[in-house]
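Line by line, the protein sequences are chains Z and W. Reminder that position 369 of the first sequence reads as 369 in the working numbering, one-by-one numbering, no gaps. Reminder that position 112 of the second sequence reads as 112 in the working numbering, one-by-one numbering, no gaps. All C-beta atoms, glycine included, are put in the ideal place defined by N, C-alpha and C. Predicted model only: the values in this text are computed from it and were never measured.
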Amino acid sequence: MRTASEENERRAAEEEARRFRLLVESVRDYGIFMLTPTGHVSTWNQGAARLKGYTANEIIGRHFSVFYPAEDVAAQKTERELEGATRDGRFEDEGWRIRKDGTRFWANVVITALRNADGELIGFGKVTRDLTERKQTEERLRALAAETAALAEKARLQEFHERFIGILGHDLRNPLAALDMGVALLKRQLGADASRARVLDRMASSARRMSRMIEQILDLTRTRVVGGFEMVPGPVDLRALLAAVVDEVQIANPTAALHLIGTETLGKWDRDRLEQVFSNLVSNAVHYGAAGTPVTVTLRPERDAVSVDVHNHNAGAPIPDAIQAAVFDAYRRGTRDSRSATTAGLGHGLHISREIARAHGGDIVLHSNAGGTTFSVRLPRAAGAGSA
Amino acid sequence: MTQGTPAKKVLIVEDEEDLREMMRDVLEAHGFRVVTATDGQAALEALAREDDVGLVLLDLLMPRMDGWDFVKRVREIGAAPHTPIVVHSSAPAEPPPSVTRVLRKPIDTDRLLAVVDEFVKRG
């Protein structure tokens, strides 16, 4: 028999338990439910229903391993979690869980062992939170950090390449210039001693060859790494520029027959770079053409563009169609790698020339047949052309 | 040859010793009078000391005072206002404005002599 006051206490406790159950059931942001000591779901709240997609009817009585990915179940993760909670009173974990519809969410899970007054295990309380958004944010931040690091690395590499170019451009060329001048000076002082002069000529041509190779490496590095050539366009008479180039090649090759056809042709181009292109093409035409045959440079002005054909007679067979495109590739040369003073360089001249033409908005194409080999350079006249 | 006023001097400003001294040897062998400076600061001092510099051959990348600062300083203090400055450099950056000429490195003997002949008489 209970006294009246005991009865009141019991009612008050029941009322409190009912209200507490109501509170738990109505929580929407947390899945809060109980498991039997064997891990079967015994209560369910709105949050759990919302999070996992099961109604109370569907889930109560089922083992809580349905919430776990198959690989976790296979690895006996559920057993270990209950063991952990039983041993330590509490077990916390973050990981992927599975909804009723099979989709995954990233969950924070706390399992608490529930014991009666005698210390006997009567089940587990389980609180589950959906942290998918936080997880995604973390992953986005991680990706962002990785991207930032990659960009920094790229910038560092770029800076290294620019410094590398600086070293090549400045530090390597100066000693060569000194060498070149020294040879010239000695040659002048030596006078008519032909055998020694020959030695000095070899030294001079070696220094010049090295100098040209450095230029090519520099240009190649510019095209490949630093983002192309910087053009400095200005008013240029292409006819005058070609005449100067032809004269220069003529001096270097006194026996060559060079013809220039064309009249004054104005445009806006990078003078130094075009000199480099035509010097390369005309020298090539002389060196690879049939000995004793002429090299013809023909200037053809059009309305908005100009083209220049550099033509020679073939020393042997025409350049086969299959490799005509490849002659412009870096790291190859059309013929055997002879490294005489006249064909100096690393074999990147055509590649660099075409890059320069392209930087002007133009191009270089090659035609080779029984009638000879022609490199055609096409350059648009920049805006304001002809008004210079 | 040496009637009247003597020929003016060429001031070579170059930090790299081999190149600087080789340029001096070449120019002197061809009859030019030469003074040298190892950087922009030394070049300013040379201009203050020598009153008959007829041409400055200026490198750009140098320690202490580079070629750009040298030109700026020369213009500020109005030193040698009529002395041509020819830049010889492989620096990819823009040369200072108001210089007379730019010689792209590598410079060879012929181009060096041609440009010096243009501005200064052989002594």
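Around the CB of Arg222/Z, 16 or more other CB atoms lie within 10 Å, so the residue is classed as buried. In the DSSP assignment, Gly289/Z forms a beta bridge with Asn314/Z. Identification of residues in the stretch 169 to 195 of chain Z having a C-beta nearer than 7 angstroms to some C-beta of chain W yields Gly169, His170, Arg173, Asn174, Pro175, Leu176, Ala177, Ala178, Asp180, Met181, Gly182, Ala184, Leu185, Arg188, given in sequence order. Secondary-structure assignment with DSSP links Asp130/Z through a beta bridge to Ala107/Z. Contact annotation for Asp25/W against chain Z: Met181, Gly182, Leu185 [CB-CB distance below 8 angstroms, chain order].
If you draw a 10 Å sphere on the C-beta of Arg21/Z, you find fewer than 16 other C-beta atoms in it, and that means exposed. Rounded to the nearest angstrom, the gap between the Cα atoms of Leu176/Z and Gly166/Z is 15 angstroms. Annotation for Pro301/Z: Thr265 place their beta carbon closer than 6 angstroms to its own, counting only its chain and skipping 5 residues before and after. Its Cα nearest to that of Glu133/Z, the residue Ala107/Z stands out among Arg115/Z, Thr296/Z, Ala107/Z, Gly119/Z.
Exposed is the label assigned to Ser5/Z, since fewer than 16 other Cβ atoms lie within 10 Å of its Cβ. Pairing Gly267/Z with Ala178/Z gives a Cβ-Cβ distance that is not under 8 angstroms. In the three-state DSSP reduction, Lys135/Z falls in the helix class (H, G or I).
Against chain Z, the CB of Asp18/W has a partner CB under 8 angstroms away; the residue lies at that interface.
The residue from Gly31/Z, Gln136/Z, Val295/Z with its alpha-carbon nearest to that of Ala56/Z is Gly31/Z.
If only complete runs of 3 or more residues are kept, the stretch 16 to 63 of chain W shows the beta strand (DSSP E) at 33 to 37, 53 to 58, in order along the chain. For the pair Asp59/W and Ser89/W, the CB atoms are nearer than the 8 angstroms cut-off.
Any Cβ of chain Z closer than 8 angstroms to the Cβ of Ile107/W would place that residue at the interface, and such an atom is present.
The alpha helix (DSSP H) runs of length 4 or more contained entirely in the stretch 166 to 243 of chain Z are, from start to end of the chain, 173 to 190, 194 to 224. Sequence-distant Cβ neighbours of His313/Z in its own chain, meaning closer than 7 angstroms and more than five residues away, are Gly289, Ala290, Thr293, Gly372. When CB distances to chain Z are screened at a threshold of 8 angstroms, the residues of the stretch 51 to 74 of chain W falling below it are Leu61, in chain order.
The beta carbon of Val24/Z lies closer than 6 angstroms to those of Ile32, Asn45 in the same chain, with the five residues before and after it left out.
The Cβ-Cβ distance between Val297/Z and Val306/Z does not fall below 8 angstroms. Counting only the Cα atoms, Ala322/Z lies some 52 angstroms from Gln189/Z. Annotation for Met62/W: Asp15, Asp39, Gly40 place their beta carbon closer than 7 angstroms to its own, counting only its chain and skipping 5 residues before and after. Put simply, the stretch 33 to 42 of chain Z touches the stretch 120 to 128 of chain Z. At least three CB pairs are less than 8 angstroms apart.
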